[in-house]
Structure formats: structure tokens, C-alpha cells
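Peer 1:
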Amino acid sequence: MQTTRLEDEVVGLFDEMRDRLLRYLLCLGVQLHDGEEIVQESFLLLFQHLQRGKSRENLRGWLFGVVRNLALKVHRENRASARRFQFDQPLARLPSDRDANPEQEMSDRQRQERLWAVVRALPEQDQVCLFLRAEGLRYRDIGNMLGISLGSVAASLARSLGKLSRADGGIR
Amino acid sequence: MTNSPLHVRDDQLLLYAAGDLAEPHVREVSVHLEHCANCRARLAELQGIFCEIRSVHLQIAAQPLPSSAGPRALLKAQLADLPRGGTSVSERSKPNAWTSPQRLLNWSSAVAVATIVLAVIFMTQRTPRPAAPITSMAVTALSDMPDARFTPGAVVAATQGQVCSDSESQANIPVAMKTQVLHQYGIADAPSEAYEVDYLITPELGGATDIHNLWPEPYDHTVWNAHVKDQLEDRLRQLVCRGDLDLATAQRDISTDWIAAYRKYFHADQPVPASSLTRIQS
Numbered sequence: 001m002q003t004t005r006l007e008d009e010v011v012g013l014f015d016e017m018r019d020r021l022l023r024y025l026l027c028l029g030v031q032l033h034d035g036e037e038i039v040q041e042s043f044l045l046l047f048q049h050l051q052r053g054k055s056r057e058n059l060r061g062w063l064f065g066v067v068r069n070l071a072l073k074v075h076r077e078n079r080a081s082a083r084r085f086q087f088d089q090p091l092a093r094l095p096s097d098r099d100a101n102p103e104q105e106m107s108d109r110q111r112q113e114r115l116w117a118v119v120r121a122l123p124e125q126d127q128v129c130l131f132l133r134a135e136g137l138r139y140r141d142i143g144n145m146l147g148i149s150l151g152s153v154a155a156s157l158a159r160s161l162g163k164l165s166r167a168d169g170g171i172r
Numbered sequence: 001m002t003n004s005p006l007h008v009r010d011d012q013l014l015l016y017a018a019g020d021l022a023e024p025h026v027r028e029v030s031v032h033l034e035h036c037a038n039c040r041a042r043l044a045e046l047q048g049i050f051c052e053i054r055s056v057h058l059q060i061a062a063q064p065l066p067s068s069a070g071p072r073a074l075l076k077a078q079l080a081d082l083p084r085g086g087t088s089v090s091e092r093s094k095p096n097a098w099t100s101p102q103r104l105l106n107w108s109s110a111v112a113v114a115t116i117v118l119a120v121i122f123m124t125q126r127t128p129r130p131a132a133p134i135t136s137m138a139v140t141a142l143s144d145m146p147d148a149r150f151t152p153g154a155v156v157a158a159t160q161g162q163v164c165s166d167s168e169s170q171a172n173i174p175v176a177m178k179t180q181v182l183h184q185y186g187i188a189d190a191p192s193e194a195y196e197v198d199y200l201i202t203p204e205l206g207g208a209t210d211i212h213n214l215w216p217e218p219y220d221h222t223v224w225n226a227h228v229k230d231q232l233e234d235r236l237r238q239l240v241c242r243g244d245l246d247l248a249t250a251q252r253d254i255s256t257d258w259i260a261a262y263r264k265y266f267h268a269d270q271p272v273p274a275s276s277l278t279r280i281q282s
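Chains as they are written, first to last, in our numbering: chain A, 1 to 172; chain B, 1 to 282.
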């Protein structure tokens with residue numbers, strides 16, 4: 001009976017979080033079908049986590065951490081053989097500005113690559129905060145989802161945008 | 001409040017711009033920004049960088065996601081299969097599990113392969129029903145069940161997600177193929193208003209436009225007619241896309257004995273009146 005309740009809880013969280021986790025993985029450069037597998041694996045791990053009576057605090061944040069770690073792990077394991085992930089070239093297929101000349105386009109793309117490299121190097125929580133803000137969530141909603149305060153969300157985003165600004169030759 | 005005594009901190013600038021700064025500080029920051037070009041420039045810079053990151057993020061994340069119905073059903077099945085209190089999940093997470101042949105056969109290809117295998121099994125192992133005489137036949141010879149020798153069912157390699165996201169998968173059956181079906185069943189001269197050459201496994205459940213998946217289905221001369229089978233097709237698709245039934249099972253059930261499948265999924269011995277369908281399907 002308790003196991004059934006746990007299963008329902010995990011499936012409920014899957015319904016709530018699956019699309020968001022999948023989009024996060026896409027932003028990490030993971031292919032869609034690999035992302036589906038990683039999300040599945042994460043929820044099986046979540047079930048085991050809960051079944052063992054471990055902490056229920058901030059399960060959504062926990063899920064973001066797990067999918068990110070699984071993505072990095074699988075990327076490392078497959079890098080030598082088959083290139084299943086494209087962590088190094090997520091911007092390669094982005095549409096470019098049609099009005100820009102080739103030199104300008106190249107320069108813009110290099111700048112975006114540089115900024116995106118900074119994003120990928122951010123600590124996990126900062127990366128997730130930035131991702132959720134880019135998804136359009138308000139500071140308060142991000143805080144609720146990750147189980148952190150409004151101030152911590154703002155501090156995290158300030159840290160991330162500060163690094164990005166410095167990488168872009170910012171004023172502070 | 002500030003990075004230096006002269007300027008507002010970045011996190012406070014961001015909270016202010018988002019409208020989330022605590023009330024006592026709003027006026028303070030507002031007045032400061034009015035007089036400090038440096039902080040105004042800093043806020044614009046942070047917002048500009050964020051807009052750029054958001055724009056890239058939205059482009060990357062813009063690709064449409066497949067329906068979650070299939071993955072949800074798979075998760076439920078995997079959770080049900082887990083040993084209670086066991087360690088199978090951690091076993092599954094071992095690095096080598098990702099590179100094993102079984103792991104590489106991901107869920108979508110597994111569904112596709114399973115459906116193809118099922119179709120082959122249907123075509124080779126099903127017990128043939130008594131053959132209809134391959135001669136000129138009257139309307140009364142139209143059966144409510146297909147002849148398994150001719151129509152074992154055939155499917156395309158589609159996943160649950162693909163089937164459920166495709167709203168216009170019902171392809172027209174080529175006339176030549178229809179004629180071939182009628183000849184095969186020996187009813188080339190049956191009146192066309194008495195039957196339709198129909199899919200055994202509907203394309204809306206991954207059925208293929210293939211002669212092995214087509215049969216002449218009677219319209220009205222039996223209670224188990226084309227209209228009733230349409231109800232079953234709608235019902236199965238609803239269950240599959242809601243994640244309550246896996247695609248391979250739906251394909252197997254409808255192709256093995258669609259009348260038995262109807263009874264099973266409608267919990268009824270006889271066709272359900274149209275007026276009761278909404279209640280059953282909700």
C-alpha cells in the first residue's frame with residue numbers, strides 16, 4: 001500500500017517535471033531520445049530514494065541535480081566511442097540573423113558560444129536557477145521549486161549574470 | 001545594499017527590476033538609479049546579458065517535445081516491476097548498464113521492434129480460421145472477423161508518442177489494394193455499400209497500409225460491424241494515449257480477436273449504444 005502511494009507520488013512528479021527536465025537536458029546539449037532515457041532513470045532513482053526513506057526536502061531540485069549528473073556521466077562514458085551527446089556544439093544549429101554579413105554572423109556566434117560555455121561551467125544550482133528564470137519563472141516560483149529563499153535566487157542569478165558579464169567585457 | 005558604498009548590489013538590482021524587491025528598499029533603489037548612471041548602465045547590462053541567454057535557451061528548447069504518455073506508461077510499468085526494497089535501480093544506473101545492448105535499445109526503439117515482432121508472429125503463428133470459400137460470394141458471406149490467413153495484421157515502426165501525436169494518420173487505401181483484398185476474400189462482386197475495406201489495426205494505432213492489414217468489413221448485416229469496431233479503435237487509442245495501455249498490447253488485442261477486445265475494453269458482451277459511450281470513455 002505504501003509502495004503504491006510512493007509510485008503515485010513519483011508518477012505525479014513525473015507529470016509535473018518531465019517537460020521541464022527534458023528541456024533542461026536539451027539546453028545541456030543532450031539529444032532528445034537520450035534525454036527521455038535520463039529522465040526515466042532519474043525517476044526510478046527518485047523512487048528508490050524515497051523508498052529508502054531518504055530526505056524529502058527539495059525533491060524538484062534533487063531531480064535537476066540527478067539529471068544533470070546522469071547527463072554528464074553518460075557523456076563521459078560515450079565520448080570515446082560514439083558521440084551521443086553534443087555538449088560542445090549546442091549552438092551549431094541555431095538560426096542566424098539573415099541580415100548579418102558573414103563576418104558579423106561569425107562574430108555573434110563566437111560570442112554566443114563564449115557565453116554559453118560560461119553557462120555550462122556554472123555550479124549546478126546557479127545553472128538551474130538561470131535555466132528556470134529563462135523558462136520564464138518568477139524569482140519566488142524558482143525559490144519554491146528549489147526550496148531556497150528569494151534572496152538566494154537573486155544572489156544566484158546575480159553571480160551567474162556577473163560571470164557572463166565579465167566574460168563579455170562588462171563594466172563591473 | 002550596495003557593492004560599494006556608492007552603488008546598488010547586482011542581486012538588489014535584479015530583484016528591483018523583477019518587481020520582487022522588498023518594499024522598504026524599492027524607493028531607495030529607485031532614487032539611487034535616478035541619480036546614478038553607473039547603476040543604470042549595470043542594470044541594463046545584466047538585463048541585456050540575460051535576454052541574450054534567454055534567447056539562446058528558448059531556441060535550443062524550442063523543439064517540440066513528444067507526448068509524455070508513452071514515457072509515463074513506461075515509468076509506471078518499470079516502477080511496478082521493481083523489486084520492493086531491492087537494489088535494481090542502482091544496478092540499472094551502473095555505467096556499464098548504459099552501454100549494454102539492452103540499455104542501448106531505448107524505450108522507443110523497443111516499442112517499435114516489439115510491434116514489428118508481434119506482426120511477424122501474427123503472420124506466421126496464428127491458427128488459421130476456417131477459410132471462406134474463394135468463390136463468388138454473397139453479402140451474407142461477409143464475416144465480422146477477418147480471415148487470419150489473409151489478414152494477420154501489420155504495423156509500422158511507430159512509438160506510442162508518435163502514434164498519439166499524429167492526428168491525421170488515416171491514409172487512403174489505394175484502389176488497387178482494395179481490389180486485391182476483395183479478390184483474396186472472393187467477394188469481388190459484393191455490393192460496395194455493404195462493406196468497407198478497412199484496416200484490422202487502424203493506422204491510428206500504428207497499423208500499416210498493407211494487404212495483410214486489410215479486410216472487407218461488413219457495415220450493417222451483423223451487430224459486430226464496422227461502426228462497432230470504430231468504437232473500439234477510438235477506445236484503444238484513448239487508453240494508449242492516456243498511458244493506461246501500451247501500444248503493443250492494443251495492437252495485439254485488436255488483431256487477434258477484435259470482438260473479444262471490444263468486450264474486454266468496454267466490459268460489455270454486446271456493442272454499447274452510442275448514447276452510453278461518453279460515460280464509458282470518460
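C-beta atoms are modelled at their ideal positions from N, C-alpha and C, and glycine is treated no differently.
1) Spell out whether any CB of chain A is found under 8 angstroms from the CB atom of B/Leu46.
2) Against chain B, does A/Ser215 count as a neighbour if the rule is that its beta carbon must be under 8 angstroms from one of theirs?
3) Under 8 angstroms by Cβ, that's how I've got B/Leu58 and B/Asp10 pegged, so tell me the actual separation to the nearest angstrom.
4) Going by other Cβ atoms of all chains shown within 10 Å of its Cβ, with 16 needed for buried, is B/Thr202 buried or exposed?
5) Please list, in chain order, all residues of the same chain as B/Val163 whose beta carbon is under 8 angstroms from its beta carbon, the five residues on each side excluded.
6) Where are the alpha helix (DSSP H) runs, 4 residues long or more, that stay fully inside the stretch 228-266 of chain B, in chain order?
7) Determine, using beta carbons only, whether B/Asp244 comes closer than 8 angstroms to chain A.
8) Looking at C-alpha atoms only, which residue of B/Tyr195, B/Val181, B/Leu75 is the closest neighbour of B/His212?
9) Answer yes or no: do B/Tyr265 and B/Leu232 have a C-beta to C-beta separation smaller than 8 angstroms?
10) What are the residues of the stretch 53-76 of chain B that lie near chain A, defined by any Cβ-Cβ distance shorter than 8 angstroms?
11) Please list the residues of the stretch 126-142 of chain A that have a C-beta atom closer than 9 angstroms to any C-beta atom in chain B, keeping them in chain order.
12) Would you kindly work out how many angstroms separate the C-alpha atoms of A/Arg138 and B/Asp257, rounded to a whole number?
13) Where A/Arg84 and B/Gln63 are concerned, what is the direct C-alpha to C-alpha distance, given to the nearest angstrom?
14) Hey, does A/Gln112 have any beta-carbon neighbour from chain B nearer than 8 angstroms?
15) Do you know how far the Cα of B/Arg40 is from the Cα of B/Glu34?
16) When the Cα atoms are used, what is the spatial distance from A/Asp141 to A/Glu135?
17) Quick one: does A/Gln40 have its CB under 8 angstroms from some CB of chain B?
18) How is the beta strand (DSSP E) around B/Asp166 delimited, first residue to last?
19) Since B/Ala158 meets chain A, which of its residues come closer than 9 angstroms, beta carbon to beta carbon?
20) Whose CA, out of A/Gly29, A/Val30, A/Asp168, lies closest to the CA of A/Ser107?
21) Express the C-alpha separation of A/Leu6 and B/Leu75 in angstroms, rounding to a whole number.
22) The beta strand (DSSP E) spanning B/Glu217 covers which residue range?
23) Establish whether the CB of A/Gln86 and some CB of chain B are separated by less than 8 angstroms.
24) Could you tell me how far apart the beta carbons of B/Ile60 and A/Leu26 are, in whole angstroms, since I believe they sit closer than 8 angstroms?
25) Does the beta carbon of B/Phe50 sit closer than 8 angstroms to a beta carbon anywhere in chain A?
26) Go through its chain and collect everything with a Cβ distance to B/Leu13's Cβ below 6 angstroms, but skip five positions before and after it.
27) Give every residue of the same chain whose Cβ lies closer than 7 angstroms to the Cβ of A/Asn69, excluding the five residues on either side of it in the sequence, and list them in chain order.
28) Within 8 angstroms, do at least three Cβ pairs link the stretch 36-45 of chain A to the stretch 13-28 of chain A?
29) Out of curiosity, what's the CA-to-CA distance linking A/Gln2 and A/Ser55?
30) Give a yes or no on whether 8 angstroms exceeds the smallest Cβ distance from B/Leu33 to chain A.
31) Where does B/Val156 fall in DSSP's three states?
32) Between the beta-carbon of A/Leu46 and the beta-carbon of A/Leu13, is there less than 8 angstroms?
33) With 8 angstroms as the limit, tell me which residues of the stretch 236-265 of chain B have their beta carbon closer than that to any beta carbon of chain A; keep them in chain order.
34) Output the boundary residues of the beta strand (DSSP E) element that contains B/Glu196.
35) Does the Cβ-Cβ distance between B/Val175 and B/Ala208 come in under 8 angstroms?
36) My assumption, with CB atoms under 8 angstroms, is that B/Thr159 sits in contact with B/Trp215. Please give the rounded CB distance.
Peer 2: Straight from the coordinates:
1) Within the second sequence, residue 46 of chain B is the residue found at index 46, counting from 1. It does; some Cβ of chain A falls within 8 angstroms.
2) The structure shown has nothing for residue 215 of chain A, since chain A only spans 1 to 172.
3) The residue you call residue 58 of chain B lines up with position 58 of the second sequence. The residue you call residue 10 of chain B lines up with position 10 of the second sequence. The pair is not a contact, with the Cβ atoms about 23 angstroms apart (cut-off 8 angstroms).
4) For the purposes of this step, residue 202 of chain B is identified with residue 202 of the second sequence, where counting begins at 1. Buried.
5) Here the question's residue 163 of chain B lines up with position 163 in the second sequence. Counting only residues of its own chain and dropping the five nearest sequence neighbours on each side, B/Val163 has a CB closer than 8 angstroms to the CB of Ser169, Glu204, Leu205, Gly206, Arg237, Val240, Cys241, Leu247.
6) Qualifying alpha helix (DSSP H) stretches, in chain order: 247-256, 258-266.
7) Along the second sequence, one-based indexing puts residue 244 of chain B at 244. Residue-level contact by beta carbon fails for B/Asp244 and chain A, as no gap is shorter than 8 angstroms.
8) As a position in the second sequence, residue 212 of chain B is number 212, starting the count at 1. Taking each of B/Tyr195, B/Val181, B/Leu75 in turn and checking the Cα distance to B/His212, the smallest one comes out for B/Val181.
9) Position 265 of the second sequence holds residue 265 of chain B. Position 232 of the second sequence holds residue 232 of chain B. It is a contact, given that the beta carbons lie within the stated cut-off.
10) Residues of the stretch 53-76 of chain B with a C-beta atom less than 8 angstroms from some C-beta of chain A are Ile53, Arg54, Val56, His57, Leu58, Gln59, Ile60, Ala61, Gln63, Leu65, Pro66, Ser68, Pro71, Arg72, Leu74, Leu75, Lys76, listed in chain order.
11) Only Leu130, Phe131, Arg133, Ala134, Glu135, Gly136, Arg138, Tyr139, Arg140 from the stretch 126-142 of chain A bring a Cβ to less than 9 angstroms from some Cβ of chain B.
12) Taking the first sequence and counting its residues from 1, one reaches residue 138 of chain A at position 138. Taking the second sequence and counting its residues from 1, one reaches residue 257 of chain B at position 257. Distance between A/Arg138 and B/Asp257, taken at the CA atoms: about 53 angstroms.
13) Sequence index remark: in the first sequence, residue 84 of chain A carries index 84 (1-based). Sequence index remark: in the second sequence, residue 63 of chain B carries index 63 (1-based). Because A/Arg84 sits at a pLDDT of 40, beneath the cut-off of 50, its placement in the model cannot be relied upon, and the point is left open.
14) Taking the first sequence and counting its residues from 1, one reaches residue 112 of chain A at position 112. Taking 8 angstroms as the threshold, the shortest C-beta distance from A/Gln112 to chain B falls below it.
15) As a first step, residue 34 of chain B must be located in the second sequence, where it is residue number 34. As a first step, residue 40 of chain B must be located in the second sequence, where it is residue number 40. Using only the alpha carbons, I get a separation of about 8 angstroms.
16) Within the first sequence, numbered from 1, the residue matching residue 141 of chain A stands at position 141. Within the first sequence, numbered from 1, the residue matching residue 135 of chain A stands at position 135. Within the model, the alpha-carbon separation for A/Asp141 versus A/Glu135 is close to 11 angstroms.
17) Numbered from 1 along the first sequence, position 40 holds the residue referred to as residue 40 of chain A. Interface with chain B (8 angstroms Cβ-Cβ cutoff): A/Gln40 is included.
18) The residue given as residue 166 of chain B occupies position 166 in the second sequence. Where B/Asp166 is concerned, there is no enclosing beta strand (DSSP E), given that its DSSP letter is neither H nor E.
19) Here residue 158 of chain B is taken as the residue at index 158 of the second sequence, counted from 1. Here the premise fails: no neighbours, minimum Cβ distance about 15 angstroms.
20) By one-based count along the first sequence, residue 107 of chain A stands at place 107. The candidate whose alpha carbon is nearest that of A/Ser107 is A/Asp168.
21) On the second sequence, residue 75 of chain B is found 75 positions in, with the first residue counted as 1. On the first sequence, residue 6 of chain A is found 6 positions in, with the first residue counted as 1. For B/Leu75 and A/Leu6, the distance between alpha carbons rounds to 13 angstroms.
22) In the second sequence, counting from the first residue as 1, residue 217 of chain B sits at position 217. In the DSSP assignment, B/Glu217 falls within the unbroken beta strand (DSSP E) covering 214-218.
23) For the purposes of this step, residue 86 of chain A is taken as residue 86 along the first sequence, with counting starting at 1. At A/Gln86 the pLDDT is 42, less than 50, meaning the model places this residue with poor confidence; the figure from the coordinates comes in the next sentence. No, because no Cβ of chain B sits closer than 8 angstroms to the Cβ of A/Gln86.
24) Start at 1 with the first residue of the second sequence, and residue 60 of chain B comes out as number 60. Start at 1 with the first residue of the first sequence, and residue 26 of chain A comes out as number 26. Correct: roughly 6 angstroms between the Cβ atoms.
25) The residue labelled residue 50 of chain B in the question sits at position 50 within the second sequence. Closer than 8 angstroms to some Cβ of chain A, the Cβ of B/Phe50 qualifies, so yes.
26) Position 13 of the second sequence, counting from 1, holds the residue named residue 13 of chain B. Sequence-distant Cβ neighbours of B/Leu13 in its own chain, meaning closer than 6 angstroms and more than five residues away, are Leu43.
27) In the first sequence, counting from the first residue as 1, residue 69 of chain A sits at position 69. The beta carbon of A/Asn69 sits closer than 7 angstroms to none of the beta carbons in its chain outside the five residues before and after it.
28) Counting C-beta pairs closer than 8 angstroms gives three or more between the stretch 13-28 of chain A and the stretch 36-45 of chain A, which meets the contact rule.
29) By 1-based counting over the first sequence, the position of residue 2 of chain A is 2. By 1-based counting over the first sequence, the position of residue 55 of chain A is 55. Going from the Cα of A/Gln2 to the Cα of A/Ser55 covers about 17 angstroms.
30) Stepping through the second sequence from its first residue, residue 33 of chain B is reached at position 33. Interface annotation, B/Leu33: not in contact with chain A, CB-CB separation never under 8 angstroms.
31) Position 156 of the second sequence holds residue 156 of chain B. Shown here, B/Val156 sits in coil according to DSSP, grouped into three states, outside any helix or strand.
32) Numbered from its first residue, the first sequence carries residue 46 of chain A at position 46. Numbered from its first residue, the first sequence carries residue 13 of chain A at position 13. Yes, the pair counts as a contact, with Cβ atoms nearer than the cut-off.
33) If the cut-off is 8 angstroms between Cβ atoms, the stretch 236-265 of chain B has nothing near chain A.
34) Mapped onto the second sequence, residue 196 of chain B falls at position 196. Where B/Glu196 is concerned, the enclosing beta strand (DSSP E) stretches over 195-199.
35) Locating residue 175 of chain B in the second sequence gives position 175, counting from the first residue. Locating residue 208 of chain B in the second sequence gives position 208, counting from the first residue. No.
36) Residue 159 of chain B sits at position 159 when you count from the first residue of the second sequence. Residue 215 of chain B sits at position 215 when you count from the first residue of the second sequence. Your pair B/Thr159 and B/Trp215 does not check out as a contact, with CB atoms roughly 26 angstroms apart and the cut at 8 angstroms.
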